[in-house]
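**Student:** Counting the sequence shown from 1 gives a position; the numbering used here is that position plus 24.
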Amino acid sequence: MTVLGLDLGTSGVKALLVDESQTTRAEGHCALTVDRPQAMWSEQDPMSWITACTTAIDQVRASAPEAFADLRGIAVSGQMHGATLLDADDKPLRPAILWNDGRAHAECAELDARADFRGIGGNIVMAGFTAPKLLWVHKNEPEIFEQIRKVLLPKDFVTLWLTGEYVSEMSDAAGTLWLDVARRDWSDDLLGATGLTRAQMPRLVEGSAAAGDLRPALAARWGVGPVTVAGGAGDNAATACGLGAVQPGQGFLSLGTSGVLFSVTDRFATNAERAVHSFCHAVPETWHQMGVILSASDALAWFGQITGQSPAQLTGLVGDITAPSPITFLPYLSGERTPHNAPNATAAFHGLRRDHELPEMVLAVMEGVGFAFADCCTALDATGMLPERVSVAGGGSQSEPWLQMIADITGLTLDVPETGAQGAALGAARLAMLASGAGGEADVLRPARITKSFVPNPKLGQAYAEALQRYRDRGREMGLG
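#1: Are the beta-carbon atoms of residue 104 and residue 196 separated by less than 7 Å?
#2: With 16 as the cutoff for other CB atoms within 10 Å, does residue 493 come out buried or exposed?
#3: How about the region 282–301 and the region 399–414: do they share at least three Cβ pairs that are nearer than 8 Å?
#4: For residue 421 and residue 391, what's the separation of their Cα atoms in angstroms?
#5: Using alpha carbons as the reference points, say which of 175, 139, 76, 91 lies closest to residue 111.
#6: Does DSSP put residue 162 in a helix, a strand or coil?
#7: By Cβ distance below 6 Å, which residues in the same chain neighbour residue 293 in space, the five residues on each side in sequence not counted?
#8: Please list the terminal residues of the continuous beta strand (DSSP E) segment that includes residue 329.
#9: Ends of the beta strand (DSSP E) at residue 414?
#10: Quick check on residue 81: buried or exposed, where buried means 16 or more other Cβ atoms within 10 Å of its Cβ?
#11: If you follow the alpha helix (DSSP H) that residue 71 is part of, which residue opens it and which one closes it?
#12: Look up residue 38 in the DSSP assignment and say whether it is helix, strand or coil.
#13: Just how far apart, CA to CA, sit residue 476 and residue 277?
#14: Find out if the Cβ-Cβ distance for the pair residue 44, residue 25 is shorter than 7 Å.
#15: Could you compute how far the alpha carbon of residue 256 sits from the alpha carbon of residue 102?
#16: Quick one: Cα of residue 140 to Cα of residue 300, how far?
#17: Mind checking residue 470: buried by the 16 CB within 10 Å criterion, or exposed?
#18: Under DSSP, the beta strand (DSSP E) around residue 287 begins and ends at which residues?
#19: In terms of residues, what are the limits of the beta strand (DSSP E) holding residue 193?
#20: Quick check for students: name the residue ranges of the alpha helix (DSSP H) that lie wholly in the region 188–226, counting only runs of 4 or more.
#21: Put residue 421 into one of helix, strand or coil per three-state DSSP.
#22: For the putative contact between residue 235 and residue 187, defined by C-beta atoms under 8 Å, what is the C-beta separation to the nearest angstrom?
#23: Under the rule that 16 or more other beta-carbon atoms within 10 Å means buried, what is residue 177, buried or exposed?
#24: For residue 314, which beta-bridge partners are listed by DSSP?
#25: Could you tell me whether the Cβ atoms of residue 415 and residue 432 are closer together than 7 Å?
#26: Determine which residues share a DSSP beta bridge with residue 48 and list them.
#27: For a quick check, are the C-beta atoms of residue 371 and residue 357 less than 7 Å apart?
#28: What did DSSP end up calling residue 373 once you bin it into helix, strand or coil?
#29: Report the option in 85, 316, 423, 152 whose CA atom is closest to the CA atom of residue 246.
#30: From 232, 165, 437, pick the residue whose C-alpha is nearest to that of residue 506; which is it?
#31: Smallest Cα separation from residue 500: which of 338, 458, 363, 108?
#32: Report the partner residues of residue 234 according to the DSSP bridge assignment.
#33: Taking only runs that begin and end inside the region 119–147, name each unbroken alpha helix (DSSP H) of 4 or more residues, in chain order.
#34: Considering only C-alpha positions, which residue in the set 341, 203, 331, 456 is nearest to residue 143?
#35: Got a sec? Which residues, its chain only, sit under 6 Å from residue 290 by beta carbon, not counting five neighbours each side?
#36: Given residue 449, which residues of its chain have a CB within under 6 Å of its CB, disregarding the five upstream and five downstream residues?
Here it is in structure tokens:
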């Protein structure tokens, strides 16, 4: 048998076909574009997701027709928080408002005052979440709001296409701010504060449970027999499933465009005051906390654009790191989330002198990202949920000097999984295996094999502690707590 993991990202869809041994049999990909009709707006046409999924799946079918014919399970992972508004005929009423859309910033304080979003929903109300987007629609597009029959998240719109069912699961639903995260159920109080009812929400299942069966029309078109579609997961929870981070005390650090420090927990706990995200995991009776920074590898990419060099060329300039840079860099190019919740925060170099050169500035940029992760560690540690070691993911994790630096700054041991072990698409495929009965959780969600570990260097620990204090002092001078 084979299963298919679909990863609906912001910039594209990835399809991954794996067999029972979790060996990749075929891959497909189709790019997506983001529309920005106004400043701070970020939208996509939901039908473009279906077109992209179809294209990626057709690539898989063409690449491995015999393996695809043995398909028994599908699951979707996806970009979180997007507001997909459907009418009575399941047609989108407007373009989906995406996770990185900031138009609803004025609605956040209003919602925060209406209900206990922090205590029940586990998170500060931020413009990126789904709930304030709906309040914005209610105030600015009332004719559309009145026609809403269902509100779905992006991946759940794909699941509707696959099954004909309105279904979501816990990890993604927690990112709406309408979920009672401790109870793993919709909260009528939080929905009511946004002018919505439970009837407008999809049915909830666990990510590893069956959401429905593949529609007969699609099964016939693809030439497959009965196929179970799983609940799936939000992108970070799916990545955790792909890495095998599903037990309390496990976690991962993603050094992607943005940065994530993900910690698996056995209970719901919050630190909303420090902008820690507290969500359900994609497997039953499990939760997770996340610290999120908005510019991780993107900070180095930005500096590369400024200097006309690639990130790899820049990291090649730093050589062996024996001491912190004399320059301090605040990496708030897109504002910051954990722990500041400061969308208007700005980046800055501090301590520049005439004799400083490019390698020292590169080192400062890399360190600034490491210091931002250290702030996430402090915020997670306040709830007792900080793991001692984590797996790494994301494009920036290809830089070994950067990984060692982050280990030295944060005190975390960073484990590098084997090539191909990363990715939300693999996590989705693993959830599809569970939903289709291909094995138990311990076997299917086994941790990835570790190829190398970066252990904190105590010789640099004190020097980085002093540099971290300078970093935090510079942040306070800019109004950050």
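Note that the Cβ used here is the ideal one computed from N, Cα and C, for glycine as well.
**Tutor:** Taking the geometry as given:
#1: yes
#2: exposed
#3: Output reads yes: the region 399–414 touches the region 282–301.
#4: 14 Å
#5: Of the candidates 175, 139, 76, 91, 175 places its Cα closest to the Cα of residue 111.
#6: Of the three classes helix, strand and coil, the one that applies to residue 162 here is helix, per DSSP.
#7: 407
#8: First-last for residue 329: 321–331, but that is the alpha helix (DSSP H), not the beta strand (DSSP E).
#9: 413–417
#10: Buried, since its Cβ has 16 or more Cβ neighbours within 10 Å.
#11: 70–87
#12: strand
#13: 15 Å
#14: yes
#15: 8 Å
#16: 16 Å
#17: exposed
#18: Unbroken beta strand (DSSP E) run through residue 287: 283–289.
#19: Unbroken beta strand (DSSP E) run through residue 193: 191–193.
#20: 194–197, 212–217
#21: Under the three-state reduction of DSSP, residue 421 is assigned to helix.
#22: Taking the Cβ atoms as the reference, residue 235 lies roughly 6 Å from residue 187, within the contact range of under 8 Å.
#23: buried
#24: The beta-bridge partner set that DSSP reports for residue 314 consists of 286, 301.
#25: No; because the gap between Cβ atoms is not below 7 Å, this pair is not in contact.
#26: 42
#27: yes
#28: strand
#29: 85
#30: As displayed, the chain neither begins before 25 nor continues past 505, which places residue 506 out of reach and without an answer.
#31: Shortest Cα-Cα distance from residue 500 to any of 338, 458, 363, 108 involves 363.
#32: 254
#33: Taking only runs of at least 4 residues, the alpha helix (DSSP H) segments lying wholly in the region 119–147 are 129–138, 141–144.
#34: 203
#35: Closer than 6 Å at the Cβ level, and outside the excluded window around residue 290, lie 272.
#36: 29, 31, 38, 40
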